[in-house]
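Residue numbers (full-length UniProt numbering): 1 to 306.
Glycine included, each C-beta is placed from N, C-alpha and C at the ideal position.
These notes concern the structure reproduced below.
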């Protein structure tokens, strides 16, 4: 049976159907009652989450819903009620109205719920960290799908809240992530590294924006979810590999640039096809480095008063 399974896995991978085996493995894990969060986390670290299960898995791993399936309906009813209360509070305070874009509303709701909101919340949203988080909110809204608008609003808000909590956890380490990225780039591609130094661009690249947004708005929405599968379990060091692979993948364009603006223009013109290449190479490099075992602290479980 083992030999047969290995042969089948090898065959699927060669013909491009590796995801068939991964989907079966995840379906087996989802039969556990209660769900085994540790095993689901390991799956996310090793594989790409199938689209059909991504919403459920992210909600479990980010602490939106508990591992006990029989509690999901009750918990989501509480989440929906809290969502409506937060939205109403913002409207009553005339901070938002019917013209406010969903991703902006989500970010304000998160600030309000986590007691980070300031009196001038509009100005607060212009800070570097929150501009990056806004990009993440917008991408998550774009990639999410649901049969009912209300369900989509509630799910996206709470999933986003989980991701923003993860970003908040590693935000103090962004400087170190940038240092690691520069050091690794020097080892991986000395010519590209020296060129960026010579045109005084390496230290002024928007690393904080990239890391705080988890590359939302830079890598295409269709590919970024593969990276966020890892962020969902706190494996934020993968962002270093995304940055390195992104720069080295378009190195020819960058080597022709003589200013930071031109470098940023080249990065902003990354296509969906190139985004997919970058993401796949970044995940492969990150896993080969052994970083798959390094994650931040687990997200807090559901509590009714969160």
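Fill in: Residue closest to residue 111, alpha-carbon to alpha-carbon, out of 137, 98 and 261
Taking residue 111 as reference, the option from 137, 98 and 261 with the minimal CA-CA separation is 137.
Worksheet item: Does the Cβ of residue 195 have 16 or more other Cβ atoms within 10 Å, making it buried, or fewer, making it exposed?
Response: buried
Discussion item. Suppose the cutoff is 8 angstroms on Cβ atoms and the five residues either side in sequence are ignored; what does the same chain contact list for residue 250 look like?
Written reply: 266, 267, 270 and 274
Worksheet item: Nearest-angstrom Cα distance between residue 264 and residue 205?
Response: 8 angstroms
Item to complete: Thinking residue 56 and residue 233 are a contact (beta carbons under 8 angstroms), I'd like their distance in whole angstroms, please.
Response: Between residue 233 and residue 56 the Cβ distance is about 15 angstroms, and since that is not below 8 angstroms, they are no contact.
Worksheet item: Measuring CB to CB, does residue 104 end up less than 9 angstroms from residue 86?
Response: no
Worksheet item: Taking the alpha-carbon positions, what's the residue 228 to residue 211 distance?
Response: In a straight line, the C-alpha of residue 228 is about 12 angstroms away from that of residue 211.
Worksheet item: In angstroms, rounded to a whole number, what distance separates the CA positions of residue 179 and residue 185?
Response: 10 angstroms
Worksheet item: Around the Cβ of residue 150, are there at least 16 other Cβ atoms within 10 angstroms (buried) or fewer (exposed)?
Response: exposed
Discussion item. According to DSSP, is residue 232 part of a helix, a strand, or is it coil?
Written reply: Under the three-state reduction of DSSP output, residue 232 falls in the coil class, being neither helix nor strand.
Fill in: Spatially closest choice to residue 256 from 199, 216 and 51, by CA coordinates
199
Practice prompt. Find out if the Cβ-Cβ distance for the pair residue 82, residue 113 is shorter than 9 angstroms.
Written response: yes
Item to complete: May I have the straight-line CA-CA distance separating residue 158 from residue 168, to the nearest angstrom?
Response: Taking the Cα positions, residue 158 is about 15 angstroms away from residue 168.
Worksheet item: Is residue 289 helix, strand or coil when you go by DSSP?
Response: coil
Worksheet item: Helix, strand or coil: which one does DSSP assign to residue 195?
Response: If DSSP states are grouped into helix, strand and coil, residue 195 belongs with the helices.
Practice prompt. Would you identify the three-state DSSP class for residue 121, choosing helix, strand or coil?
Written response: helix
Worksheet item: From this set, 40, 254 and 29, which residue's C-alpha is nearest residue 63's C-alpha?
Response: 40
Discussion item. Am I right that residue 243 and residue 207 are in contact with their C-beta atoms under 8 angstroms? What's the rounded C-beta distance?
Written reply: 7 angstroms
Worksheet item: Going by the beta-carbon positions, is the gap between residue 260 and residue 220 smaller than 9 angstroms?
Response: no
Worksheet item: If we count the other Cβ atoms within 10 Å of its Cβ and call it buried at 16 or more, is residue 145 buried or exposed?
Response: exposed
Practice prompt. Can you grab the Cα-Cα spacing for the pair residue 119 / residue 241, in whole Å?
Written response: 38 angstroms
Practice prompt. Can you tell me which of 216, 75 and 106 puts its alpha carbon nearest to the alpha carbon of residue 89?
Written response: Nearest to residue 89 by alpha-carbon distance, out of 216, 75 and 106, is 106.
Worksheet item: What are the residues that DSSP puts in a beta bridge with residue 216?
Response: 219
Practice prompt. Report yes if the C-beta distance between residue 140 and residue 216 is below 9 angstroms; otherwise report no.
Written response: yes
Practice prompt. Determine the direct distance from the alpha carbon of residue 109 to that of residue 115, and round the result to whole angstroms.
Written response: 10 angstroms
Fill in: Close-in-space but distant-in-sequence residues of the same chain around residue 289 (CB under 8 angstroms, 5 per side omitted)
241
Item to complete: Report the residue from 222, 47 and 132 whose alpha carbon sits nearest the alpha carbon of residue 171.
Response: 132
Practice prompt. Starting from the Cα of residue 254, find the closest Cα among 197, 162, 286 and 60 and give me that residue.
Written response: 197
Fill in: Continuous alpha helix (DSSP H) stretch holding residue 43: start and end
37-46
Worksheet item: Quick one: Cα of residue 286 to Cα of residue 238, how far?
Response: Approximately 6 angstroms, taken between the alpha carbons.
Practice prompt. Return the residue from the list 29, 203 and 188 that minimises the CA-CA distance to residue 176.
Written response: 203
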